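Residue numbers (my numbering), protein chains in the order written: chain A, 1 to 254; chain B, 1 to 254.
Every residue gets a Cβ at the ideal spot worked out from N, C-alpha and C, and that includes glycine.
Because the structure is a prediction, the values reported are computed rather than measured.
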DNA sequence: ATCGCTATGCGGGCTAGCGTACAGTTGCGC
DNA sequence: GCGCAACTGTACGCTAGCCCGCATAGCGAT
């Protein structure tokens, strides 16, 4: 699972660092500078990357993995407030100044990522180049997503939120199927498992998705879009506005 | 209402820029540099400072005013996800890179603030000094507050959330009384006005607060602390950890 | 002092989502 | 190909908070 670190322009690398949009958007010199510090890691479903209150050692740039930021209450119940795919990075606190967060981060979809040590990230950030711009804009997008989640949690039904969650996850996934039990989805959204059974049942009866033990397939994306609350569009629009678009942008500074 | 801009060290100024903790924590040279660009403004209850999607012209550093960040849904209902007092600033998007936000900002408690133009803030931020550190740490604290609000909205009762909101507001206020109708509190928390009537009634019967038309007085802060959910403590702790402590720190670089 | 606006109090019916309990079923591991 | 753990389906009562409507009361302006 060694990635070709020495070859920064290997466009045939299925899982090279430039599968991550933020890294891919860097100009050549900045990419080369940080590439030497990137370490490929395989992340397994359920793996906990950050524990509440713990020191953060690494930032993670997913290429195929999807990560989930959530907060676990004293009662044990939890709620996701943002997700991170290959459009972004985990660990904004590292360059924002606090080296810990009060939230947890777990792997929601297994896959690959590149990690970089705290100090290396901070040094790269402090060079005040394109990377800094990209990371700040990404942090802004993450903030919007979190704020929208707060509002959505207040006002929208579980059905709507499930659609939102499915669409956001789908956008980060190459395939139309996610490996995910209802139990896990429930803990992401912070509702009971039965609530997801019911909501997913409705969507399946409507022919929009189909699922079996631990797998959910999206059959009709447009159908989900018709059921979802406004929150999905708001978040998506903000991401599109603030982030590089995923085209291979090496050398294009901005 | 002119503030003594020319005198950067006028410690007798009741409403000088150094009533704002972020500004007060700047070392002398950085303070002087930005002080020339600060413009005192009086903010009235209910005034809208940012409209969703609009271009942001100014950042605001409250000294006595309290501002509220919230999102208004298509249905018209709304939900606050963070508040800003003299511990912070409004407009983190200005230095994060997006010059707009999808959320609204309104004045929750009338008072004074200093505003600074977009460009001036960006220039000061890009000097990569203490101001940059402070603003980034503040953005991190704001993020934590927003994430916590998302979780709280999901899992805690209106009673608990009212306690949280009262305590957070109180922390930003010199007095024990807030000018605020139940209707307004309701729109902050994103619940019905009757829900607040009921919750506030309970607190009043318990002798913790007393209120009359448009005024809420806190009688027993410790009582509120006994009723509040964990979210208050989490947010407060994170603010204490990340932010300057409000002592007059001019000259102390960090 | 009175009027009128607006804030607050209250009640009744309703629904979404919770807690709990248990039954059915699938697919993995041996 | 068997067993079993784990995932999914269903049901029932319960409560918080919603929507709606209307009654009362405080406070400011005339």
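Below 7 Å, is the gap between the Cβ of residue 75(B) and the nearest heavy atom of the ligand FAD?
You won't find the ligand FAD in this model; it holds no ligand whatsoever.
Residue 147(B) classed as buried or exposed, judged by whether at least 16 other C-beta atoms fall within 10 angstroms:
buried
Shorter than 8 Å from the beta carbon of residue 155(B) to some beta carbon of chain A?
yes
From the DSSP output, in three-state form, read off residue 205(B) for me.
helix
Quick one: give me the first and last residue of the alpha helix (DSSP H) that residue 227(A) is part of.
221 to 227
Can you tell me whether DSSP reads residue 198(A) as helix, strand or coil?
helix
Grouping DSSP H, G and I as helix and E and B as strand, with all else coil, what is residue 253(A)?
Note on residue 253(A): pLDDT 39, under 50, position unreliable in the model; the coordinate value appears next. Residue 253(A): coil per DSSP, three-state reduction.
At 3 residues or longer, and completely inside the segment 57 to 83 of chain A: list those beta strand (DSSP E) runs for me, N to C.
58 to 62, 66 to 72
Closest to residue 46(A) by CA distance: which of 107(A), 37(A), 32(A) is it?
107(A)
Where the segment 138 to 153 of chain A meets chain B: residues whose CB sits under 7 Å from a CB there:
139, 140, 143, 144, 146, 147, 148, 149, 150, 151, 153
Distance, residue 121(B) Cα to residue 145(B) Cα:
23 Å
Give a yes or no on contact between the segment 76 to 94 of chain A and the segment 19 to 26 of chain A, applying the rule of three or more CB pairs nearer than 8 Å.
yes
Give a yes or no on whether 8 Å exceeds the smallest Cβ distance from residue 48(B) to chain A.
no
So residue 84(A) contacts chain B; which residues on that side make the cut at Cβ distance below 8 Å?
Simply none; closest approach about 13 Å.
In chain order, what residues of the segment 58 to 81 of chain A put their CB closer than 9 Å to some CB of chain B?
69, 70, 71, 72, 73, 74, 75, 77, 78, 79, 80, 81
Using the Cα positions of residue 41(B) and residue 49(B), report the straight-line distance between them to the nearest angstrom.
12 Å
I'd like to know if residue 238(B) contacts chain A, where contact means its C-beta is closer than 8 Å to some C-beta of that chain.
yes
Contact check, residue 200(B) vs residue 158(B), beta carbons under 8 Å:
no
When the cut-off is 8 Å and only beta carbons count, does residue 54(A) lie next to chain B?
no
Measuring CA to CA, which of 131(A), 203(A), 109(A), 229(A) is closest to residue 220(A)?
203(A)
DSSP has residue 52(B) in a bridge; who is on the other side?
Bridge partners of residue 52(B): none, in fact.
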